[in-house]
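Those protein sequence lines, which keep their order, are chains P and V.
Residue numbers for the first sequence follow the numbering used here, beginning at 1 and rising by one.
Residue numbers for the second sequence follow the numbering used here, beginning at 1001 and rising by one.
Don't be surprised by glycine CBs; every beta carbon is placed ideally from N, CA and C.
Source: prediction; values computed, not measured.
Below is one structure; the comments refer to it alone.
2 protein chains.
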Amino acid sequence: MDKRCERQKPKYQALKEYIIETIEQEGLKTGDKIWSENELAKKFMVSRHTVRQAIGELTNEGWLYKVHGKGTYVGERIDQKSSKIKTIGVMTTYLDDYIFPSIILGMDQVLSKAGYNLVLGCTYNHHDKERVCLENFIRSDIQGIIIEPTKSALPNPNLDLYRQIIDKGIPMFFIHGCYQELDCPYVVVDDTKAGYLATRYLIDLGHKSIGGIFKIDDIQGHYRFKGFQKALAEDGISLKDSNILWFDTDDIGEEFIKLDHKKFEVLIKSCSAIICYNDQVALKIVNAIKSMEMNIPDDISLVSFDDSQLAVVSEVKLTTVAHPQKKLGRLVAESLINKIDGREVKDKVKMEPELIVRDSAKEYE
Amino acid sequence: MDKRCERQKPKYQALKEYIIETIEQEGLKTGDKIWSENELAKKFMVSRHTVRQAIGELTNEGWLYKVHGKGTYVGERIDQKSSKIKTIGVMTTYLDDYIFPSIILGMDQVLSKAGYNLVLGCTYNHHDKERVCLENFIRSDIQGIIIEPTKSALPNPNLDLYRQIIDKGIPMFFIHGCYQELDCPYVVVDDTKAGYLATRYLIDLGHKSIGGIFKIDDIQGHYRFKGFQKALAEDGISLKDSNILWFDTDDIGEEFIKLDHKKFEVLIKSCSAIICYNDQVALKIVNAIKSMEMNIPDDISLVSFDDSQLAVVSEVKLTTVAHPQKKLGRLVAESLINKIDGREVKDKVKMEPELIVRDSAKEYE
DNA sequence: AATTATTTGTGCGTATGTATC
DNA sequence: AGATACATACGCACAAATAAT
């Protein structure tokens, strides 16, 4: 009975293809009626059952829809793949503080122009929160990821998830720093150079006794410290342990940083200038020094990092090493998009920091 | 032939339900074999055709898969809905500026705890960007939306998209204000009261000639102005047109606000106190007045709105009417989640503003 | 290596039910 | 009320894949 001598396609399959072709060639639109089952059966000399099988599958695939008693119609042929929104996941340590809004803004400018959505995740610099974010990203259907690492100077307990992302082939860029155990593309500021610039500036102003306050659990803190050391070493200035204060994430309160008061007082008394991990820290130091009835920059000079909004709004305008912020956000977003589209990109980018001279540091008399 | 006397379910439908029940009750797992078509047909006294229809649909729905020549098996029953990441879309006018990071932070705290992703969109207070964001949200698979309206005091050209969202049944909350043409749930600050509080405070300090700088294309500007008027009227203080300056989005530059210089000078000279639309404006006014070699609050008192970070960091600590920021973000996120989960929620919430007294306003002598 | 039984896949014919116009 | 269209249901025949004999 079956005349498919030479491994012909099944009849219903051929019919499906014919119907799809017709829809596309005739340019039939959503809601247009197609032939009835009986018409098709007669036309193709097949049974109505066969027609129903073809139409049934097309209905399931979204090409057609049927209305009982009326007929069969062309369905919404939304090209699901191409119309699907592309999404980039962005995970940072903080959201509201500081320079992050600007960085995210820069990313948004690029991503939204390129038709991407931006999914935000925030870790508050805690590993458990980081884990939740990563799990979300993995479960979501996203095209690329931008990560600002959490406690980047410490061993990371979420490397399994990062590896999973890499294995899945999802492009991922880091900013500010990268976990040493991973070999991922990144866009960072040259923090060692930034530390060097800040310190060199103070040395050139004549300061000989320079203290520093650095963050111990972020890799940026380590690099800035490294640049600080380098500049001192160049001029043969010895580095006293008591001139360095380290703090970590948990020391940051709403209004202050928990620093060992005695150590801080020693620092203040023995140094004519202090390098502060960032503008936020610098401002807290400004307040602390002010409450000790001393004055900046007359009694103590400060240089900080980031050039955030805080730096210019404050009472004492801060001399600070600028973070590119928006520019960095844009750059990393562009790099990621290029990577997604298969274009060649620089995998490791270091951006140049720049010293912005304002009022918080002056010559040592 | 058909014995469905009392509108029974179709046989294939009953069979489908039976198969699903069996899978669930027997705890059959992926890969377990079920009965053959013929077995089922005999068992239920139906034709094989009917069995095939039932199994065919279940296959399409992912319950089963078939292997030619071997049999029919239980498929991967990934509970697609529950395993899928839930997402909330958030659209604001700005990202980096000002109080928005705090608001978004508040939302993130609630949403991430409830297992939601947060998709960000930013309009830069322009309608065309707003349109793109809304289109993205509509095309994405989103469970709920939070909107800060763009140019909320002007007629909105994107109402068609908003209506589309409402028709789709996607829960949507507004913050700060809502388009008058839409009847949507919202969480706002009582801006009229905020305007009133600020003005009353100045009046109580003895000021009689009070000016105001307001934003004309955001509804918040209108409401704050309204409260301003109300307080003046209560004390029978007449309102001179020349004491009011209006600006709009396009007047905001990186470092300044374009204000008519002559009008501004008139304002400064004829008023002993000024109500500023927000802290950002206030700081620009502070700088302008400083450059005119005048002093705040000695020569002119300022009261502004929002109590942003700027208010406390600046040289002159601003007296300002506080915006709840994080709290508002949390509240609207909680409301939205409750709505999504079908719980009852307050549809229109007005939060109470609170005057924070600092140093930018003093008694009129 | 060939056969056979089982199972799903393709295809036809027929009849009746039910929604729409 | 009748024509048309899709929906449900039964029956049969043969093809093709699989597994066991």
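#1: Between the beta-carbon of I1268 of chain V and the beta-carbon of I1300 of chain V, is there less than 8 Å?
#2: Show which residues of chain P have a CB atom less than 8 Å away from the CB atom of S1102 of chain V.
#3: Leaving aside the five residues before and after Y1065 of chain V along the sequence, list all residues of the same chain whose C-beta is less than 7 Å from its C-beta, in chain order.
#4: Is T192 of chain P helix, strand or coil by DSSP?
#5: Report buried or exposed for T1319 of chain V, applying the criterion of at least 16 other Cβ atoms within 10 angstroms of its Cβ.
#6: Looking only at DSSP bridge pairs, what is G211 of chain P linked to?
#7: Can you pull out the residues from the stretch 125-144 of chain P whose beta carbon lies closer than 8 Å to at least one beta carbon of chain V?
#8: Alpha carbon to alpha carbon, how far is T192 of chain P from K226 of chain P?
#9: Closer than 8 Å, Cβ to Cβ, to anything on chain P: give me those residues from the stretch 1297-1318 of chain V, in chain order.
#10: Cα separation between K1011 of chain V and V1051 of chain V?
#11: Using a cut-off of 7 Å between C-beta atoms, extract the partners of N1117 of chain V located in chain P.
#12: Are the stretch 179-194 of chain P and the stretch 123-130 of chain P in contact at 8 Å, needing three or more beta carbon pairs?
#13: So, under 8 Å CB-CB, V378 of chain P and V187 of chain P are touching, yes? Tell me the CB distance rounded to an integer number of Å.
#14: At a CB-CB cut-off below 7 Å, which residues of chain V make contact with I85 of chain P?
#15: With three or more beta-carbon pairs closer than 8 Å as the criterion, would you say the stretch 199-208 of chain P touches the stretch 231-242 of chain P?
#16: Can the beta-carbon of L118 of chain P be found closer than 8 Å to that of V1313 of chain V?
#17: Can you list the residues of chain V that N278 of chain P reaches, using a CB-CB cut of under 7 Å?
#18: Interface residues of chain P around N1060 of chain V at Cβ under 8 Å?
#19: Counting only beta-carbon atoms, is S986 of chain V nearer than 8 Å to chain P?
#20: Closest by CA to K1327 of chain V, which one among V:P1353, V:C1276, V:I1213 and V:D1167?
#21: Under 8 Å between the Cβ atoms of M1351 of chain V and D1190 of chain V?
#22: Name the two residues that bound the continuous alpha helix (DSSP H) containing I55 of chain P.
#23: Tell me the rounded alpha-carbon separation between H68 of chain P and Q1013 of chain V.
#24: With respect to the alpha helix (DSSP H) encompassing N338 of chain P, which residues constitute its N-terminal and C-terminal limits?
#25: Give the range of the alpha helix (DSSP H) segment to which G1221 of chain V is assigned.
#26: Taking buried to mean at least 16 other C-beta atoms within 10 Å of its own C-beta, is H959 of chain V buried or exposed?
#27: Is the CB-CB distance between M1172 of chain V and I1147 of chain V below 8 Å?
#28: Please work out which residues of its chain come closer than 6 Å, Cβ to Cβ, to E26 of chain P, disregarding the five sequence neighbours upstream and downstream, and give them in chain order.
#29: By Cβ distance below 6 Å, which residues in the same chain neighbour A114 of chain P in space, the five residues on each side in sequence not counted?
#30: State the start and end residues of the unbroken alpha helix (DSSP H) segment that holds E1363 of chain V.
#31: Could you check if V316 of chain P is buried or exposed, using at least 16 other CB atoms within 10 Å of its CB as the buried criterion?
So, to answer that:
#1: For this step, residue 1268 of chain V is matched to residue 268 along the second sequence. For this step, residue 1300 of chain V is matched to residue 300 along the second sequence. Yes, the Cβ-Cβ distance between I1268 of chain V and I1300 of chain V is below 8 Å.
#2: Taking the second sequence and counting its residues from 1, one reaches residue 1102 of chain V at position 102. Simply D96.
#3: Within the second sequence, residue 1065 of chain V is the residue found at index 65, counting from 1. Once the five neighbours on either side are set aside, the close Cβ partners of Y1065 of chain V are T1059, Y1073 and G1075.
#4: For the purposes of this step, residue 192 of chain P is taken as the residue at position 192 of the first sequence. Correct three-state label for T192 of chain P: helix.
#5: Taking the first residue of the second sequence as 1, we reach residue 1319 of chain V at position 319. Classification for T1319 of chain V: buried.
#6: Reading the first sequence from its first residue, position 211 is the one you call residue 211 of chain P. Paired residue(s): P:I274.
#7: K129, V132, C133, N136, R139 and S140
#8: Reading the first sequence from its first residue, position 192 is the one you call residue 192 of chain P. Reading the first sequence from its first residue, position 226 is the one you call residue 226 of chain P. Roughly 6 Å separates the two Cα atoms.
#9: Q1309, L1310, V1313, S1314 and E1315
#10: On the second sequence, position 11 is the one that residue 1011 of chain V refers to. On the second sequence, position 51 is the one that residue 1051 of chain V refers to. Straight-line Cα distance between these residues: approximately 9 Å.
#11: If you number the second sequence from 1, residue 1117 of chain V lands on position 117. Chain P residues near N1117 of chain V: V119, N136 and S140.
#12: no
#13: Outside the displayed range of chain P (1 to 365) lies residue 378 of chain P, so it cannot be described from this structure.
#14: Here residue 85 of chain P corresponds to residue number 85 of the first sequence, with the count starting at 1. Those within 7 Å of I85 of chain P in chain V are N1136, R1139 and S1140.
#15: yes
#16: Indexing the first sequence from 1 puts residue 118 of chain P at position 118. Indexing the second sequence from 1 puts residue 1313 of chain V at position 313. No.
#17: Translated into positions along the first sequence, residue 278 of chain P becomes position 278. What N278 of chain P touches in chain V: nothing, since even the nearest Cβ is about 14 Å away.
#18: For the purposes of this step, residue 1060 of chain V is taken as the residue at position 60 of the second sequence. Within chain P, the residues near N1060 of chain V are N60.
#19: No statement about residue 986 of chain V is possible, as the shown extent of chain V runs from 1001 to 1365 and does not include it.
#20: For the purposes of this step, residue 1327 of chain V is taken as residue 327 along the second sequence, with counting starting at 1. The shortest Cα separation from K1327 of chain V among V:P1353, V:C1276, V:I1213 and V:D1167 belongs to V:P1353.
#21: By one-based count along the second sequence, residue 1351 of chain V stands at place 351. By one-based count along the second sequence, residue 1190 of chain V stands at place 190. Result yes, Cβ atoms of M1351 of chain V and D1190 of chain V sit closer than 8 Å.
#22: Your numbering for residue 55 of chain P matches position 55 in the first sequence. Note, I55 of chain P: alpha helix (DSSP H), R48 to N60.
#23: Mapped onto the first sequence, residue 68 of chain P falls at position 68. Mapped onto the second sequence, residue 1013 of chain V falls at position 13. If I take the Cα positions, the gap works out to 17 Å.
#24: Mapped onto the first sequence, residue 338 of chain P falls at position 338. Looking at the DSSP string, the run of the alpha helix (DSSP H) that includes N338 of chain P is K326 to I340.
#25: As a first step, residue 1221 of chain V is located in the second sequence; it is residue number 221 there, counting from the start. G1221 of chain V -> alpha helix (DSSP H) spans I1219 to E1234.
#26: Coverage of chain V is limited to positions 1001 through 1365, which leaves residue 959 of chain V absent and any answer about it impossible.
#27: Position 172 of the second sequence holds residue 1172 of chain V. Position 147 of the second sequence holds residue 1147 of chain V. Result yes, Cβ atoms of M1172 of chain V and I1147 of chain V sit closer than 8 Å.
#28: Within the first sequence, the letter at position 26 stands for residue 26 of chain P. No residues qualify anywhere along the chain.
#29: Here residue 114 of chain P refers to the residue found at position 114 when the first sequence is read from its first residue. These residues qualify, in order along the chain: I337.
#30: Looking up residue 1363 of chain V in the second sequence gives position 363. Unbroken run through E1363 of chain V: none, as it is neither H nor E.
#31: Here residue 316 of chain P refers to the residue found at position 316 of the first sequence. With 16 or more other Cβ atoms within 10 Å, it is buried.
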